[in-house]
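Enquirer:
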Amino acid sequence: MKKSCYAIGGRINFNEDTVSLCHGMDIGDKIIWKYDSGEEFTPQYYLDKVKEFNQKNQTLCPECGGCSNLIEGEEEKNKLEIITINPMNYCQNRCVYCGNFRGEIKELYNPLPIIKEFIDEGLVADNCLFDWGGGEPTLSHYFEETFLFLLEQGYMQRVNTNAVK
8 MKKSCYAIGG RINFNEDTVS LCHGMDIGDK IIWKYDSGEE FTPQYYLDKV KEFNQKNQTL
68 CPECGGCSNL IEGEEEKNKL EIITINPMNY CQNRCVYCGN FRGEIKELYN PLPIIKEFID
128 EGLVADNCLF DWGGGEPTLS HYFEETFLFL LEQGYMQRVN TNAVK
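Here it is as structure tokens:
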């Protein structure tokens with residue numbers, strides 16, 4: 008029986024300097040792109056990686072082996088239902104329980120043009136949740152423009168914020 012995961016094809020994480028398919032609950036992030044790789048991140052690049060992961064997960068030693076989200080009989084996803092936007096790992100607070108204070112705001116890329124491409128290509132589900140995090144997302148130079156665009160498109164958004172700003 009075929010093995011699949013809700014995240015592969017159904018979730019994507021735009022991190023500070025990488026893009027990952029999931030936060031790999033049991034096995035860590037499955038990073039598919041690095042900012043400094045020299046490769047352009049496009050919808051086709053993403054689709055190729057999803058196909059590659061789905062194929063590798065059908066082998067005797069699956070790419071995501073050991074993850075509790077890799078389930079036999081799970082239906083493969085073909086639209087993104089969760090998009091996490093972590094544009095930076097910076098927060099202006101220094102909470103003792105959190106490691107996101109890095110001393111400087113560092114943003115390497117604007118996720119909005121990529122998100123627009125994914126929407127235009129029909130890869131984003133109508134009920135997709137855009138989940139903001141990665142430190143204090145409201146401090147991102149890209150937050151307001153991206154947030155307003157997604158709001159105008161009618162997408163749900165969750166902003167994990169300390170509400171200081």
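Just so you know, we're using the numbering used here here: the sequence shown kicks off at 8 and counts up by one. Glycine included, each C-beta is placed from N, C-alpha and C at the ideal position.
#1: Rounded to whole angstroms, what is the Cα-Cα separation between C71 and N61?
#2: Using a Cβ-Cβ cutoff of less than 7 Å, which residues in the same chain neighbour E124 once the five nearest sequence positions on both sides are dropped?
#3: Would you mind working out which of I34, V171 and Y52 sits nearest Y41, comparing C-alpha positions?
#4: Which residues in the same chain have their Cβ closer than 8 Å to the Cβ of P69, if we skip the five residues on either side of it in sequence?
#5: So, are the CB atoms of V57 and K86 less than 8 Å apart?
#6: Residue ranges of each beta strand (DSSP E) run of no fewer than 3 residues wholly in the stretch 108–149, ordered along the chain?
#7: Looking at L28: is its Cβ nearer than 8 Å to the Cβ of I19?
Expert: Taking the coordinates as given:
#1: Start at 1 with the first residue of the sequence shown, and residue 71 comes out as number 64. Start at 1 with the first residue of the sequence shown, and residue 61 comes out as number 54. Whole-angstrom Cα-Cα distance: 9 Å.
#2: Along the sequence shown, one-based indexing puts residue 124 at 117. Once the five neighbours on either side are set aside, the close Cβ partners of E124 are T49 and P50.
#3: Translated into the one-based positions of the sequence shown, residue 41 becomes position 34. A quick correction: the sequence has Lys, not Tyr, at residue 41. Residue Y52 is the option with its Cα nearest to K41.
#4: The residue given as residue 69 occupies position 62 in the sequence shown. Non-local C-beta neighbours of P69 in its own chain, meaning closer than 8 Å and more than five positions away in sequence, comprise K10, K63 and L77, ordered along the chain.
#5: On the sequence shown, position 50 is the one that residue 57 refers to. On the sequence shown, position 79 is the one that residue 86 refers to. No. Outside cutoff.
#6: Unbroken beta strand (DSSP E) runs of no fewer than 3 residues, entirely contained in the stretch 108–149, are found at 131–139, following chain order.
#7: Within the sequence shown, numbered from 1, the residue matching residue 28 stands at position 21. Within the sequence shown, numbered from 1, the residue matching residue 19 stands at position 12. Yes, they are a contact pair.
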